[in-house]
Amino acid sequence: MMGVNITYYKVLAFVVGAALAGLAGVLYAHYYTIIQPKEFSFMLTFDVLVMVMVGGLGSLTGSVVGAVLLTTASAFLQAIPELRMVLYALLLIISAVFRPQGLLGEKEVTLRTFQKLGGVFNAASGSKQTD
Numbered sequence: 038m039m040g041v042n043i044t045y046y047k048v049l050a051f052v053v054g055a056a057l058a059g060l061a062g063v064l065y066a067h068y069y070t071i072i073q074p075k076e077f078s079f080m081l082t083f084d085v086l087v088m089v090m091v092g093g094l095g096s097l098t099g100s101v102v103g104a105v106l107l108t109t110a111s112a113f114l115q116a117i118p119e120l121r122m123v124l125y126a127l128l129l130i131i132s133a134v135f136r137p138q139g140l141l142g143e144k145e146v147t148l149r150t151f152q153k154l155g156g157v158f159n160a161a162s163g164s165k166q167t168d
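Residue numbering for the sequence shown follows the numbering used here, starting at 38 and increasing by one per position.
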């Protein structure tokens with residue numbers, strides 16, 4: 038048999054994803070000490086979808102940025118929950134129209150990115166870098 042066993046890698050990705058989801062559920066249940074079906078509504082799924090779409094589908098870093106932005110916005114809009122969903126819908130529409138790849142697209146922020154920034158900041162301050 039030649040080539041890459043696609044089925045193996047698809048099943049492996051599914052198993053790893055399911056294991057991580059199970060671990061998240063265990064941590065959630067341990068933290069809150071109770072699990073109720075009403076806590077996992079359609080709106081929670083919509084929240085996660087908007088976070089990923091705004092941040093960028095091809096980027097883990099973008100998804101984290103989208104989650105931070107929308108969680109912060111949600112915290113500020115707790116007094117008006119109806120406005121929160123309107124804001125999410127507007128962000129999703131604006132993101133899809135003007136920036137379909139998300140805020141970061143497929144770019145990732147890595148340690149190398151911070152090292153480059155550190156070199157720029159060190160050069161700007163006049164200090165020498167020694168290896």
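Ideal placement from N, C-alpha and C gives every residue a C-beta, glycine not left out.
Would you tell me roughly how many angstroms separate the C-alpha atoms of residue i and residue j, rounded to the nearest one?
i: residue 90; j: residue 127; result: 12 Å
i: residue 155; j: residue 148; result: 10 Å
i: residue 112; j: residue 42; result: 45 Å
i: residue 56; j: residue 153; result: 35 Å
i: residue 62; j: residue 68; result: 10 Å
i: residue 45; j: residue 116; result: 48 Å
Going by beta-carbon coordinates alone, are residue i and residue j separated by less than 9 Å?
i: residue 94; j: residue 54; result: no
i: residue 143; j: residue 100; result: no
i: residue 114; j: residue 120; result: yes
i: residue 146; j: residue 98; result: yes
i: residue 80; j: residue 39; result: no
Could you pull out every residue in the same chain whose Cβ sits closer than 8 Å to the Cβ of residue i, ignoring the five residues on either side in sequence?
i: residue 103; result: 87, 88, 89, 90, 91, 92, 93, 139, 140
i: residue 125; result: 83, 84, 87, 107
Could you pull out every residue in the same chain whose Cβ sits closer than 6 Å to the Cβ of residue i, ignoring the five residues on either side in sequence?
i: residue 66; result: 72
Skipping 5 residues on each side, what residues in its chain have a beta carbon closer than 7 Å to that of residue i?
i: residue 132; result: 90, 91, 139
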